[in-house]
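Residue numbers (the working numbering), protein chains in the order written: chain A, 80 to 517; chain B, 6 to 230.
Single-structure report; data block below.
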């Protein structure tokens, strides 16, 4: 017995009960000489054929394999919800600036416009969306809150659950243990949107400039297709990429700005320090002298810090050298680390005095009173967005709005300079709204 | 510039002087160095019966437990986290393109074995329909093989990988010989090929069927142990 609600606004293969699901569409279709996956719209390579003659898509394999013998079934989204009058159970208060931004977003949603919220790191983006989301939910809309990062989804889900306690919700990501449930609010990774078709009236895309969404046409397409033809979307970001900025300038995308953090202090600026030939030194297992000095000072003052390095493979050597220099009491963490969340929590609980990490901690994590140091900011992995995000880790709490951000480079690169320019510009706008220096 | 079949990143394959002097098209590796390192080859001392990596060259504890039912098996890689991740994507998610990743090492290993007939372990009909390929023959790249074994039609197809050791050991004989098998394997040295050696139940059952068909000797080779 199949549950028909699982097929509302989705595109899924079915094994049983296909007679109640309509005809279905072939999952891999021949178009001219080539084959195209109907789930992710990517072209198959001409070697992706199985010995039994079927063609299969490698691009969306992680969602379960579809072949040219699979059929995908859809039931058009019926919006079968019982909306409540006031679904918002969140009792926090927005600052006047946040209030203004929230009001604007709600107006744009009511006018049916797709839009962007450009709010600095630590502005409280999530809460700003709540009033508009409450309005949408009360109208009976189906809404998705999607992010390219699993961490962001995992962090968001309980917050949204608490803020909209009476609204049915489900969380979707790659290794999630719970089964899918048809619900009004869906918090998911952008990959999961590939399973939907014309399902959502409103899609909120959090951290729209983050990897891998920014560089992946597949995922951008997934968003467009998961949205109803009458639907709209809202992009949330602190660091929009060139393309989005151009769309704002050309007025094809409405933007709401929030250049001030929720506590009203300005962003800490990147302080660039020259570290001559840091890469060569690192290869010999050594670190720049000024960096060591700075970290030792932090340790003496009891100041916790994050040290960002370009690559995972540099981590063991850096940890060894830090140990030799007497900088102990911290650990390294990288993307594939099984104890990642545990280590991050340990730093938050002050059980560790520092973390050495790569760009995986560039967004979505908050530590009160933390100093930030970047080694090798001129490396290609640190894009402008990454640098601004990393700098945004500092001074996030109202108690400790200040925070040092130091960036060691061999040469000034365009990315570093652009990051500084972006922070300066945001701070200038913030000052006009009464932002204070910490 | 080559694209790694597993992680889909581009990489520069290393070129040795030998490759250049051979004056042939350069070999194109399927895996980048990082992905290659996810596999741990079994080198040096190993159990003479099952091929498991160990410090000594005496029969291991598990092989002693088999008693008289002996089998000589070689394995190429250890069944560790990397190999599990590979099998998960190749076998269970059905990413047939990943077969290329282990074709070269298997080719080299087969060249060192002495045998007359190569017999891959078959998959049952339902697996063939859902998976669309036999994971063992996928690794063969031009080598001749004889599919003389078949899975019995009445064999209950709960996969071995979903069972405990005790459950595996009491599995009834799943294989039968093909009608034309006798001509092919009589008085021949047969090499069985399988993906993973876990308890050795499957391979021993296959070997006993091959012996019934009149083979002179049966050894086996698996990708992982």
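Glycine included, C-beta positions come from ideal geometry on N, C-alpha and C.
Bear in mind that the values here come from a model prediction, so they are computed numbers and not experimental data.
- Beta-bridge pairing by DSSP links residue 125 of chain B to B:198.
- Spanning the alpha carbons of residue 454 of chain A and residue 502 of chain A requires a straight line of approximately 19 Å.
- The three-state reading of DSSP puts residue 211 of chain B in helix, counting H, G and I together.
- For the pair residue 200 of chain B and residue 211 of chain B, the CB atoms are not nearer than the 9 Å cut-off.
- Going by DSSP, residue 310 of chain A is part of the beta strand (DSSP E) stretching over 306-316.
- Distance from the CA of residue 80 of chain B to the CA of residue 158 of chain B, rounded to the nearest whole angstrom, comes to 29 Å.
- DSSP places residue 109 of chain B in the uninterrupted alpha helix (DSSP H) bounded by 108-117.
- With distances taken between CA atoms, residue 192 of chain A lies nearest to A:332 out of A:135, A:149, A:332.
- Rounded to the nearest whole angstrom, the C-alpha separation of residue 404 of chain A and residue 348 of chain A is 28 Å.
- Counting along the chain, the unbroken alpha helix (DSSP H) around residue 189 of chain B starts and ends at 186-190.
- Only residues of its own chain outside the window of five on either side were considered, and among them 43 have a CB closer than 8 Å to the CB of residue 90 of chain B, listed in chain order.
- Within the region 94-108 of chain B, 94, 98, 99, 100, 101, 102 place their CB atoms closer than 8 Å to a CB of chain A, listed in sequence order.
- For residue 97 of chain A, there are no neighbours in chain B by C-beta distance under 9 Å, as the nearest C-beta there is about 16 Å away.
- Looking at the backbone, the Cα of residue 155 of chain A and that of residue 38 of chain B are separated by about 46 Å.
- Across the structure, residue 244 of chain A and residue 217 of chain A are spaced so that their CA atoms are roughly 13 Å apart.
- The beta carbons of residue 115 of chain A and residue 139 of chain A sit no closer together than 9 Å.
- Under the 9 Å criterion on CB atoms, residue 71 of chain B is classed as non-interfacial with respect to chain A.
- Here DSSP, grouped into helix, strand and coil, assigns residue 334 of chain A to strand.
- A Cβ-Cβ contact shorter than 9 Å links residue 435 of chain A with residue 388 of chain A.
- Not a single C-beta of chain B is nearer than 9 Å to the C-beta of residue 125 of chain A.
- Check the Cα spacing between residue 112 of chain A and each of A:447, A:125, A:183, A:100: the tightest is with A:125.
- Separation of the CB atoms of residue 195 of chain B and residue 122 of chain B is rounded to 5 Å, and the pair is thereby assigned contact status at 8 Å.
- With respect to chain A, the C-beta atom of residue 38 of chain B has no partner C-beta closer than 9 Å.
- By the Cβ test, the region 197-214 of chain A is in contact with the region 326-342 of chain A, since at least three Cβ pairs between them sit closer than 8 Å.
- Proximity of chain A to residue 44 of chain B at the Cβ level (cut-off 8 Å) is not reached, the minimal Cβ distance being about 17 Å.
- CA-to-CA, the gap between residue 205 of chain B and residue 78 of chain B works out to about 9 Å.
- Counting the other CB atoms within 10 Å of its CB gives residue 177 of chain B a total below 16, which places it among the exposed residues.
- Annotated three-state conformation of residue 105 of chain B is helix, per DSSP.
- In the structure shown, residue 198 of chain A adopts extended strand secondary structure according to DSSP, grouped into three states.
- Excluding its 5 nearest sequence neighbours in each direction, residue 103 of chain B has C-beta neighbours in its own chain below 8 Å: 10, 11, 91, 94, 95, listed in chain order.
- Residues of the same chain with a CB within less than 6 Å of the CB of residue 456 of chain A, apart from the 5 flanking positions on each side, are 486, 488, 495 in chain order.
- Look at residue 180 of chain B here: in three-state DSSP terms it is strand.
- Setting aside the 5 residues that flank it on each side, residue 100 of chain B is surrounded in the same chain by 94, each with a C-beta closer than 7 Å to its C-beta; the list follows chain order.
- The C-beta of residue 88 of chain B has 16 or more other C-beta atoms within 10 Å across all chains shown, which makes the residue buried.
- Boundaries for residue 13 of chain B: no alpha helix (DSSP H) harbours it, and the DSSP string shows neither H nor E there.
- At a cut-off of 9 Å between beta carbons, residue 150 of chain B makes no contact with chain A.
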